[in-house]
Amino acid sequence: MSVPRLGQPLAARETEVLHLVSKGLSYGEAARRLQPVVSENTVKAHMKHILTKLGAHSAPHAVLIACQAGILDGRPQRHGDHAGYEAHRRRGEDPKQCKPCWLGEQAHKRAMKDRART
Numbered sequence: 001m002s003v004p005r006l007g008q009p010l011a012a013r014e015t016e017v018l019h020l021v022s023k024g025l026s027y028g029e030a031a032r033r034l035q036p037v038v039s040e041n042t043v044k045a046h047m048k049h050i051l052t053k054l055g056a057h058s059a060p061h062a063v064l065i066a067c068q069a070g071i072l073d074g075r076p077q078r079h080g081d082h083a084g085y086e087a088h089r090r091r092g093e094d095p096k097q098c099k100p101c102w103l104g105e106q107a108h109k110r111a112m113k114d115r116a117r118t
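Under the numbering used here, think of the first position of the sequence shown as 1, with each following residue one higher.
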């Protein structure tokens, strides 16, 4: 098995995993939705490769990068989180019109400020 490198295209299965994660599914839930069903550890391994290939530091960051690159459609699947807010912005929509995304963005900003203080 080769080690994925930044800039390599995602495999079809990795794209499928990223799509499920973008809907807000946990790794365990994503594992059960894949056909054939795989283990949660397999999904974690796919996510590790995805993060490496996209140069992302977390699953939400990978979703954001994939949306920007056109790998995913960019429509927020899980309103109220930072990635959903950014997806609205990329489509030219006013994210403040989506109350869950706006509140989620405010919570994200507070968390980032709190993290910077510690």
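Backbone N, C-alpha and C fix where the C-beta goes; we use that ideal spot for every residue, glycine too.
In chain order, what residues of the same chain have a beta carbon less than 7 Å from the beta carbon of H46, not counting five sequence neighbours either side? So the qualifying residues of the chain are R13, E14, V17.
Under the three-state DSSP convention, the category A66 falls into: Residue state, collapsed to three classes: helix.
Quick one: is G84 buried, meaning 16 or more other Cβ sit within 10 Å of its Cβ, or exposed? Buried.
Taking the straight line between their C-alpha atoms, what separation do you get for L103 and A59? Straight-line Cα distance between these residues: approximately 20 Å.
Is the CB-CB distance between C98 and H108 below 8 Å? Taking C-beta atoms as the reference points, C98 and H108 fail to come closer than 8 Å.
Under the three-state DSSP convention, the category P95 falls into: In the three-state DSSP reduction, P95 falls in the helix class (H, G or I).
Where the alpha helix (DSSP H) through K23 begins and ends: Element bounds for K23: n/a, residue is neither H nor E.
Look at the alpha carbon of Q35 and the alpha carbon of R117, and state the distance between them as a whole number of angstroms. Cα to Cα, the separation comes out at about 44 Å.
Roughly how many angstroms lie between the CA atoms of N41 and A30, to the nearest whole one? N41 and A30: Cα-Cα distance of roughly 11 Å.
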